[in-house]
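Visitor:
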Amino acid sequence: MEEPAAAQEEAIEEIIVTSTRSRRSFATSPTRVEILGSEELAEKGNMKPGDIRMLLNESTGIHVQQTSATSFNSSIRIQGLDGKYTQLLRDGMPLYSGFSGSLSLLQIAPLDLQQVEVIKGANSTLYGAGAIAGLINLVSKTPGTDPENSMLVNATSAGGTDVSGFFTRRSEAVGATLFTSYNGSDAYDPADNGFSAIPEFERWTFNPSLFLYGNDSELRFAINAVAKDRLGGDMNYIDGDRTGPAYFEDGTTLRLSSLLEYSRQSGSGRELVLRNNISRFRREQTVPGFEFSGVQHSSFSEAHILGMANTVDWVAGLNLWTEEFEQEQALPPHCSRL
């Protein structure tokens with residue numbers, strides 16, 4: 002005899018939270034963590050496939066603030082605090098920080114994300130002073146038992162084009178993922194005031210990952226490359242008319258990063274995790290009367306051990322975070338150094 006529908010238990014997919022480094026499930030985590038799952042990512046990815054601004058802007062307590070009318074740069078404000086106090090992580094590592102921070106939201110497509118974890122409030126214990134307002138952790142998809150082939154093609158009435166592809170394969174010992182995308186747009190002036198509301202831009206992304214699986218261990222290596230050209234401001238200047246005075250912002254960025262992660266579980270339930278990422282971010286910016294270019298090199302290395310004793314989970318570890326910025330040029334156009 003079948004049980005009444007109200008008495009039947011509904012199976013709920015278990016969601017593992019990684020931001021707290023405890024590997025607890027969402028239901029048992031003592032820290033309040035908001036999870037934006039795969040369904041929400043798919044929905045917002047269909048509506049705005051080029052970046053994650055819409056996804057975050059619709060979360061309570063989070064405001065994505067546009068910091069430049071011409072370049073479309075944005076920052077994330079949590080609970081009203083300035084965007085510099087929000088830590089943006091990729092798989093638990095701060096790939097978007099410092100000189101490259103305001104450009105991050107424009108360079109993250111949602112197609113290869115498994116979930117987004119949001120912790121509001123001070124988290125400086127685990128992630129330093131940059132997480133005083135909170136943190137947002139972007140968790141990438143990993144290879145499953147079944148292959149995945151996803152393709153997204155989008156065109157907008159504002160002249161935008163998005164083409165993205167995500168593919169996974171896995172055997173017993175080896176797995177791989179590949180994400181690649183092209184995002185571009187013509188300059189768009191809906192108010193017809195001669196000034197672009199959306200800049201003219203092109204962005205290319207290439208992100209392969211390799212996974213090696215042992216009996217109690219896992220090794221992951223990934224690289225990420227993002228190149229972008231962007232021009233915003235006076236519509237006549239964008240269209241090629243350079244005869245009269247005009248305000249514009251012409252920017253080029255190139256982000257290269259690597260990620261290496263090793264995890265091993267022991268028979269006693271302890272887990273050792275070693276992580277490292279190295280990033281190089283180069284930016285060139287030209288506005289009327291001024292040119293600027295610079296390079297930021299950054300790295301993040303971490304080692305921690307997770308253990309459980311009766312009803313207590315504990316984490317012990319250390320990390321090393323380095324940043325180096327080199328200004329290549331900051332001169333008026335057509336001038337040279339003496």
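Offset between the sequence shown (1-based) and the working numbering: plus 1. Beta carbons: idealized from backbone N, C-alpha and C, even for Gly.
(1) Express the C-alpha separation of Ile239 and Ser197 in angstroms, rounding to a whole number.
(2) Is the beta carbon of Phe207 sitting closer than 9 angstroms to the one on Ala110?
(3) Beta carbon of Gly176, beta carbon of Arg170: below 9 angstroms?
(4) Suppose the cutoff is 6 angstroms on Cβ atoms and the five residues either side in sequence are ignored; what does the same chain contact list for Ala317 look like?
(5) Could you check what DSSP says for Gly295 in three-state terms: helix, strand or coil?
(6) Ignore the nearest five residues each way along the sequence and tell me which others in Glu325's own chain have a CB closer than 8 angstroms to its CB.
(7) With distance defined between alpha-carbon atoms, name the residue in Ile137, Leu136, Ser158, Leu112 nearest to Glu149.
(8) Near Asp190, which residues of its chain fall below 8 angstroms by C-beta distance, leaving aside the five closest residues on each side in sequence?
(9) Pick out whichever of Pro144, Ala304, Ser280, Trp315 has its Cα sitting closest to the Cα of Gly270.
(10) Are Val274 and Ser264 touching if we call contact CB-CB under 9 angstroms?
(11) Does the region 129-142 touch the region 66-82, meaning 3 or more C-beta pairs lie closer than 8 angstroms?
(12) Applying the criterion that 16 or more other CB atoms from any shown protein chain within 10 Å of the CB defines a buried residue, is Phe347 buried or exposed?
(13) Using the Cβ count rule (16 or more neighbours within 10 Å means buried), how would you classify Gln48?
(14) Can you check whether the CB of Ala226 is closer than 9 angstroms to the CB of Arg256?
(15) List the residues that DSSP assigns as beta-bridge partners of Met94.
(16) Tell me the rounded alpha-carbon separation between Asp187 and Tyr97.
(17) Any idea what DSSP makes of Ala159, helix, strand or coil?
(18) Whole angstroms is fine: what's the gap from Asn319's alpha carbon to Arg22's?
(19) Under the DSSP definition of a beta bridge, which residues are partnered with Pro289?
(20) Can you give me the C-alpha to C-alpha distance between Asn194 and Gly234, rounded to a whole angstrom?
(21) Alpha carbon to alpha carbon, how far is Leu339 from Glu44?
(22) Note down, in chain order, each residue of its chain lying with its Cβ closer than 8 angstroms to the Cβ of Gln116, except the 5 sequence neighbours on either side.
(23) Please state the DSSP three-state secondary structure of Gly1.
(24) Which value, in whole angstroms, describes the spacing of the CA atoms of Trp205 and Val119?
(25) Between Arg221 and Phe202, how many whole angstroms is the CB-CB distance? I'm expecting something under 8 angstroms.
(26) Threshold first: 4 residues or longer. Then list the alpha helix (DSSP H) segments lying entirely within the region 234-321, N to C.
(27) What are the boundary residues of the alpha helix (DSSP H) that Asn58 is part of?
(28) Using the beta-carbon count (16 or more within 10 Å), is Thr178 buried or exposed?
(29) Give the range of the beta strand (DSSP E) segment to which Gly185 is assigned.
(30) Return the chain-ordered list of same chain residues with a C-beta closer than 8 angstroms to the C-beta of Met2, the five sequence neighbours on each side being excluded.
(31) If you draw a straight line from the C-alpha of Ser165 to the C-alpha of Ser280, how long is it?
(32) Determine, using beta carbons only, whether Asn277 and Glu303 come nearer to each other than 9 angstroms.
Guide: Let me lay it out:
(1) 9 angstroms
(2) no
(3) yes
(4) Ile306
(5) strand
(6) Gln297, His298, Ser299
(7) Leu112
(8) Phe196, Ser197, Ala198, Met236
(9) Trp315
(10) yes
(11) yes
(12) Nothing about residue 347 can be read from this structure; the chain reaches only from 2 to 339.
(13) One point to set straight first is that residue 48 is Met, not Gln, in the sequence displayed. Exposed, since its Cβ has fewer than 16 Cβ neighbours within 10 Å.
(14) yes
(15) Arg91
(16) 26 angstroms
(17) coil
(18) Asn is not the amino acid found at residue 319; the sequence shown has Leu there. Leu319 and Arg22: Cα-Cα distance of roughly 12 angstroms.
(19) In the DSSP output, where bridge partners are listed per residue, Pro289 has none listed.
(20) 11 angstroms
(21) Confidence is the limiting factor: at Leu339 the pLDDT is only 40, short of 50, which leaves the residue's position unreliable and the question unanswerable from this model.
(22) Ile16, Ile36, Leu37, Gly38, Ser39, Leu42, Val140
(23) Lying before the first or after the last residue shown, residue 1 is absent from the chain, which here runs from 2 to 339.
(24) 27 angstroms
(25) Between Phe202 and Arg221 the Cβ distance is about 31 angstroms, and since that is not below 8 angstroms, they are no contact.
(26) 236-239
(27) 54-58
(28) buried
(29) 175-186
(30) Here the model assigns Met2 a pLDDT of 47, short of 50, so the residue's position is not dependable, and the following value carries that caveat. None.
(31) 23 angstroms
(32) yes
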